[in-house]
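Have a look at the structure below, then the notes.
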Amino acid sequence: MVRSVLRSLPVLLLAAQSYLRVVFILIGAGLALALGIAGFTVLSLASSAGTPPWAVALIGVVLVGGPLLVGVVPAVRQIEGAAVQTLLAVHFRDGPPGPALSWSQRRRTLGWFLLHLVTGALAVAGVLGLIGLAGSWWTIPAAAAVALGTLLLGWLLARLAPALLGPSYAERLERLEADTARAHERNRLAREIHDSIGHALSLVTVQASAARKVIGRDPAFAEQALETIETTSRRAVADLDHLLGLLRQERPRSAPPSPAPDLTSLGGLLTAARSAGLTVEQIMSGDLSRLPVLVSQEAYRIVQEGLTNARKHAPGTLVQVKVAAGEDTIAIEVRNRAPLSPAPKPALPGAGSGLIGLGERVELTGGELRHERAADGDFVLAATLPWERRAR
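In this text, residue positions in the sequence shown follow my numbering: the first is 81, and each later residue adds one.
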C-alpha cells in the first residue's frame, strides 16, 4: 500500500484531477464547518440561558445526529455519485449511482457521507493549525504537509467511492441474474417467432408459388391455396401480436393472448402440410390427452419444424410423422423420404437456426434430440421428451 502511494506520488502532485479532488474535500469542509458553527452557536445560547445540562446534551445530540441522518435520504446517493464522478474522476462500471432504494445502500451512503464530512473536517483542522503557526518557521513545512495530506485524502476517497456508492456484491449478483433471465426470455421469444412466424411464412411462400403456377389451368387448386394463405396469415398475425405484447411486457386488453398450439392442433398442421404439396403419413399411439401442456406444446413444435424442413428441402415427397406416448416419455419422429439437399453428403445437413432452437427447447425439457441421415437416405428428425403423470 505504502509503495503504491510512493510510486504514484509524482502523478498525484501533477495530475489535474488531484486538485479537483481537493475541491470535493473543500465541499465537505464547508459542510462540516457550517454544522460546527451552527451547533456551537446553539449550544452556547442554550448554556447561557441556564438550560439544564441534560437538555444541553440532548440538544447537542440532535444537532449532530440530525444533519448526519441526511445521509440516509435516497437522493443523497445520487447527488454524491454525480459529485464523485465529476470531481473525484471515478468511473462506476455499473453506471452512475441512482437513489438509495434499499437499506443496504442507505447504510453505505451514510458511511460515505460521514467520510466526506470527516475528511472535510480534517482539512479545516489543518487550515486552523496553519493559522495557529503563522509567523513560525514551521509554517512552510506544515503547509506542505497539509497540502500533501489533502491530496492523499482525495486519492483515498476515489478508491473508496465505488465500494460505498456502487452496487454491493449481492446487488451485482442480483442484477446479473436478472440480465440472465431477460436473455433467456429473449431467446425463448426468438424460438417462438422462428417456430410460429417462420413456419407460417414458409407455408405462405409455397402456397403462393403453387397458386401462381396453376391459377390458369386449375383455378380450384389456386383458390384452395389462397384460402390456406389467408388462414395461415391470420394465425401468424395473431401469434405476432401476442409475441410483440410479450416483448413490450404488456398484454392486449381487448383479448387474452392466444395459447401456444399443442398436439390437439396437430390435425390442422398436417392438413396445411398436405395442402402445401407434401404427402403426410401419420402414426399415433398412446393416450396423448395425458400429456402435460408444456410437453404437448414442445412435441407440436418438433413436428412443425420437421414438416417445415421437409417442405423447404424436399417438397412434394412422402413425410412420415410418428408420435408415441409412453408411460413416462413421448417419442416424436419426422422422416422424409428424400434427401435435404440435391447432392447427397456423408455429413449431417446444415443445422440452421430452427434445429438449434429446437435443441434448446428439448434440452430445457430434459429430453434428447437427434437429426441425421438414415442408412436408406431418409432424413430423420427424432426427439424423446420425458414426462410424469404428476406433472399434469
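Ideal Cβ positions, reconstructed from N, Cα and C, are used throughout, including at glycine. Just so it is clear, the structure is predicted and the values come from calculations on it, not from any experiment.
Cross-strand partners of residue i (DSSP beta bridge)
i, result
"residue 301", "Beta-bridge pairing links residue 301 to no other residue."
"residue 363", "402"
"residue 267", "Bridge partners of residue 267: none, in fact."
"residue 413", "402, 462"
"residue 449", "463"
Sub-7 Å separation of residue i and residue j beta-carbons
i, j, result
"residue 108", "residue 197", "yes"
"residue 105", "residue 209", "no"
"residue 192", "residue 244", "yes"
"residue 299", "residue 357", "no"
"residue 155", "residue 179", "yes"
"residue 398", "residue 344", "no"
"residue 384", "residue 279", "yes"
"residue 294", "residue 288", "no"
"residue 102", "residue 260", "no"
"residue 316", "residue 366", "no"
"residue 309", "residue 284", "yes"
"residue 386", "residue 414", "yes"
"residue 213", "residue 219", "yes"
"residue 139", "residue 126", "yes"
"residue 476", "residue 439", "The question about residue 476 has no answer, for the chain in this structure spans 81 to 472."
Residue i versus residue j: straight-line alpha-carbon distance, rounded
i, j, result
"residue 171", "residue 412", "54 Å"
"residue 325", "residue 402", "34 Å"
"residue 446", "residue 464", "9 Å"
"residue 96", "residue 162", "18 Å"
"residue 165", "residue 466", "54 Å"
"residue 123", "residue 168", "35 Å"
"residue 253", "residue 181", "17 Å"
"residue 290", "residue 296", "11 Å"
"residue 349", "residue 246", "53 Å"
"residue 152", "residue 249", "20 Å"
"residue 274", "residue 251", "35 Å"
"residue 217", "residue 132", "45 Å"
"residue 422", "residue 459", "Low confidence applies here, because residue 422 scores a pLDDT of 47, under 50, leaving its location unreliable; read the following figure in that light. Taking the straight line from one Cα to the other gives about 13 Å."
"residue 150", "residue 119", "16 Å"
"residue 382", "residue 311", "21 Å"
"residue 177", "residue 112", "24 Å"
"residue 281", "residue 388", "10 Å"
"residue 375", "residue 175", "42 Å"
"residue 443", "residue 239", "45 Å"
"residue 115", "residue 142", "12 Å"
"residue 441", "residue 352", "23 Å"
"residue 305", "residue 347", "17 Å"
"residue 377", "residue 371", "10 Å"
"residue 221", "residue 215", "12 Å"
"residue 369", "residue 409", "13 Å"
"residue 194", "residue 276", "58 Å"
"residue 407", "residue 373", "16 Å"
"residue 262", "residue 364", "37 Å"
"residue 429", "residue 380", "Any answer about residue 429 is weak, because its pLDDT of 39 lies below 50 and its placement is not dependable; what the coordinates show is given next. Each residue's alpha carbon lies about 22 Å from the other."
"residue 189", "residue 134", "31 Å"
"residue 207", "residue 232", "16 Å"
"residue 426", "residue 454", "Legend: pLDDT at residue 426 = 36, less than 50; position of this residue unreliable, value from coordinates given subsequently. Those two C-alpha atoms are separated by around 10 Å."
"residue 99", "residue 224", "14 Å"
"residue 462", "residue 160", "60 Å"
"residue 130", "residue 121", "15 Å"
"residue 392", "residue 186", "59 Å"
"residue 313", "residue 256", "39 Å"
"residue 211", "residue 258", "55 Å"
"residue 354", "residue 416", "13 Å"
"residue 226", "residue 136", "34 Å"
Neighbour-count burial assignment, residue i, 16 or more Cβ in a 10 Å radius
i, result
"residue 267", "exposed"
"residue 341", "buried"
"residue 390", "buried"
"residue 362", "exposed"
"residue 319", "buried"
"residue 470", "Residue placement at residue 470 cannot be trusted, given a pLDDT of 38 that sits under 50; the coordinates are not used to answer."
"residue 157", "buried"
"residue 475", "No statement about residue 475 is possible, as the shown extent of the chain runs from 81 to 472 and does not include it."
"residue 234", "buried"
"residue 128", "exposed"
"residue 272", "buried"
Minimum Cβ-Cβ distance from residue i to chain D less than 7 Å
i, result
"residue 405", "Included in the structure is just one protein chain, with no chain D present."
Item to complete: May I have a chain-ordered list of the alpha helix (DSSP H) segments no shorter than 4 residues that lie completely inside the segment 151-190?
Response: The qualifying runs are 154-167.
Practice prompt. Please list the segments of the alpha helix (DSSP H) lying wholly inside the segment 199-277, counting only runs of 4 or more residues, in order along the chain.
Written response: Counting only runs of 4+ residues, the alpha helix (DSSP H) found wholly inside the segment 199-277 occupies 219-245, 249-273, in chain order.
Worksheet item: Quick one: complete alpha helix (DSSP H) runs, 4+ long, within the segment 88-135?
Response: Entirely contained in the segment 88-135, the alpha helix (DSSP H) runs reaching 4 residues are, in chain order, 89-94, 96-128.
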